[in-house]
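Residue numbering for the sequence shown follows my numbering, starting at 4 and increasing by one per position.
Backbone N, C-alpha and C fix where the C-beta goes; we use that ideal spot for every residue, glycine too.
This structure is a prediction, so every number in the text was calculated from the model and none was measured.
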Amino acid sequence: SAAGTTGAVQTLDEQVLSGGELQFIDFEYSCYGPRGFDWGNHFNEYAGFDCVYDRFPSAAQQKAFFRHYLKPGELQQLAKEHISMQEVRSETDNAAEVEEAVLDRLVAEACVFALASHAYWGVWSFIQARYSPIDFDYLEYSGMRWAEYYRRKDEFFTLVDKLFPASH
């Protein structure tokens, strides 16, 4: 049974936590969204609430994630179907090079949407600072999210410009 409910946050009795399974579900945040936002947000969460963004995964770590995240054959299917990969396929018939090019583009997509995640949660935190009854320094958190957005903005947009030259 619930001990208390505050907006979208539910706190539980200690007894409830002592013997069963616990499932976390954020229904209020479930909606359609771009896959890149999910990936970028996932990578941003490596920083934790203390916002240690040095934990953001490198391109190599992100590629390892995508190799495990995608079902067998999906990477090759993306390489075959992705319209923006036509120029890559025209330059090489090497499947490994095409796969690497697809992974580079997935990394760029995740990185640019990591910026969108910072903007989203930065604004959300600013609003929460005014209205949330939860004891959390939302203004500081918002500031950290925006600081990281501005710190990585040029780097991530340069990556996107390099891999998606027609994006302007």
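Keeping to the same chain, check which residues put their C-beta closer than 8 Å to that of residue i; ignore five residues upstream and five downstream.
| i | result |
| --- | --- |
| R38 | E112 |
| C54 | Y144, M147, R148 and E151 |
| L142 | S128, F129 and A132 |
| I86 | Any reading at I86 must be qualified, since the residue scores a pLDDT of 44, below 50, and its modelled position is unreliable; the value itself is stated next. Cβ within range, chain order: n/a, list empty. |
Tell me the residue span of the alpha helix (DSSP H) that contains residue i.
| i | result |
| --- | --- |
| V163 | Y141 to L166 |
| R38 | R38 to N47 |
| R58 | No alpha helix (DSSP H) holds R58; DSSP gives it neither H nor E. |
| A67 | A62 to Y72 |
For residue i, I'd like the list of residues in its chain whose CB is within less than 6 Å of its CB, leaving aside the five on either flank, ordered along the chain.
| i | result |
| --- | --- |
| Y144 | S128 |
| W124 | R148 |
| A99 | none |
| A62 | V110 |
| R155 | none |
| G43 | A113, F116, A117 and S120 |
| Y56 | A50 and E151 |
If residue i and residue j are in contact, beta carbons under 8 Å, what's the gap, nearest whole angstrom?
| i | j | result |
| --- | --- | --- |
| V126 | F160 | No, V126 and F160 are not in contact; Cβ-Cβ is about 20 Å, not under 8 Å. |
Cutting at 7 Å between CB atoms, please list the residues of its own chain near residue i, excluding the five before and the five after it.
| i | result |
| --- | --- |
| L166 | D107, R108 and A111 |
| Y49 | R58, F59 and P60 |
| D140 | none |
| Q64 | none |
| K66 | L106 and V110 |
| Q80 | none |
| F40 | F116, A119 and S120 |
Is the Cβ-Cβ distance between residue i and residue j less than 7 Å?
| i | j | result |
| --- | --- | --- |
| F46 | P60 | yes |
| A122 | Y152 | yes |
| L78 | E102 | yes |
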